Amino acid sequence: MIKIIFSIILGYLLGSIPFALVIGKVFYKTDIRQSGSGNLGGTNAGRILGKKAGIAVIVCDVLKVVLAFGLASLVSEVAAILTGLACCIGHCYPIFANFKGGKAVSTIFGFLLSCAIFVFQDPWYFAGPFLMFFLVLYLFKYVSLASICGALYSSIFITSEQFILKMEPIIIIICSWLMTLLVIYRHKENMKRIKEGCENKISWM
Numbered sequence: 323m324i325k326i327i328f329s330i331i332l333g334y335l336l337g338s339i340p341f342a343l344v345i346g347k348v349f350y351k352t353d354i355r356q357s358g359s360g361n362l363g364g365t366n367a368g369r370i371l372g373k374k375a376g377i378a379v380i381v382c383d384v385l386k387v388v389l390a391f392g393l394a395s396l397v398s399e400v401a402a403i404l405t406g407l408a409c410c411i412g413h414c415y416p417i418f419a420n421f422k423g424g425k426a427v428s429t430i431f432g433f434l435l436s437c438a439i440f441v442f443q444d445p446w447y448f449a450g451p452f453l454m455f456f457l458v459l460y461l462f463k464y465v466s467l468a469s470i471c472g473a474l475y476s477s478i479f480i481t482s483e484q485f486i487l488k489m490e491p492i493i494i495i496i497c498s499w500l501m502t503l504l505v506i507y508r509h510k511e512n513m514k515r516i517k518e519g520c521e522n523k524i525s526w527m
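What the sequence shown shows, in our numbering, is residues 323 to 527, in sequence order.
Next comes the structure, spelled out in structure tokens:
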């Protein structure tokens, strides 16, 4: 139990590393919290600092979850899953950035990639939601909507697979839905803007 608790704390701390803030300040002398949406995520970083910076932030945010998940998997599968969730929470509410972070999109994909590697050994747990994300993004041009649809798809897929295959532990279903709810909650203002017709659309697809 102590090892699991330590893993969860480590996951939260790794998730709290605000790479959007670090990359912005170190390489661009810019605090992206002062521009755009003010969000410490890859989308806002790309919008303010450029495509290369946005991609770098997304990759780092994904990898911090994979690192935390991988380390915790040395303890147990349950520890890894809970650590992945803690990492996503840390990303949204980082102790190193006054608890004002990103919207969990990159980190939930980091969680799914980790599950595909360390838990299920099946690439579709990551590839399916990833394809859904880009399909919705291509059709509607809203990153926020695509993120929510990708997260919902992932939870529905994981839940159905668990019930069909009767795999354990059930904690993966619970954590998956908690992260999906977190993504939806973090995008509530985006959904409101979509309804009002004033949400930003991407122009590169």
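We put the beta carbon where it would ideally sit given N, CA and C, even for glycine. Just so we're clear, the structure is a prediction, and the values are computed from it rather than from any experiment.
Closer than 7 Å by C-beta to residue i: which residues in its own chain qualify, once you throw out the five before and the five after it? Chain order, please.
i, result
"I370", "T352, I354, S357 and G358"
Over what stretch of residues does the alpha helix (DSSP H) that includes residue i continue unbroken?
i, result
"E399", "E399 to C414"
"M454", "W446 to F462"
"G432", "V427 to S436"
"E518", "K510 to E518"
"W525", "The sequence as given places Ser at residue 525; Trp does not occur at that position. From DSSP, S525 is part of no alpha helix (DSSP H); its letter is neither H nor E."
"F341", "F341 to Y350"
"V441", "Element bounds for V441: n/a, residue is neither H nor E."
"R270", "No answer is possible for residue 270: it lies beyond the span of the chain, which begins at 323 and ends at 527."
"G337", "I324 to G337"
Can you check which of these residues, the options, is closest to residue i by C-alpha distance?
i, options, result
"V458", "G368, L474 and P445", "L474"
"N512", "C497, T502 and L467", "L467"
"I324", "F349, V397 and T429", "V397"
"V344", "A375, G333, I327 and E483", "A375"
"G423", "C520, F341, I330 and S525", "F341"
"Y447", "L461, I430 and F462", "I430"
"S436", "N420, E521 and A401", "A401"
"S329", "I403, Q443, I493 and P416", "I403"
"F442", "K463, E483 and W526", "E483"
"L461", "G360, G363, K517 and K523", "K523"
"Y350", "K373, I331 and I486", "K373"
For residue i, which residues of its own chain have a beta-carbon under 6 Å away from its beta-carbon, when the five flanking residues on both sides are left out?
i, result
"S476", "L434 and P451"
"G412", "Y334, G337 and S338"
Report back the beta-carbon spacing between residue i and residue j to the nearest angstrom; my notes put them in contact at under 8 Å.
i, j, result
"C414", "R508", "6 Å"
"G432", "V387", "3 Å"
"C382", "L504", "With a Cβ gap of about 19 Å, C382 and L504 do not count as contacting."
"A394", "V379", "Actually they do not touch by this definition, with Cβ atoms about 23 Å apart."
"S498", "I480", "5 Å"
Just to confirm, does residue i get its C-beta within under 6 Å of one of the non-hydrogen atoms of the ligand FMN?
i, result
"K386", "No copy of the ligand FMN appears in this structure; indeed no ligand is present at all."
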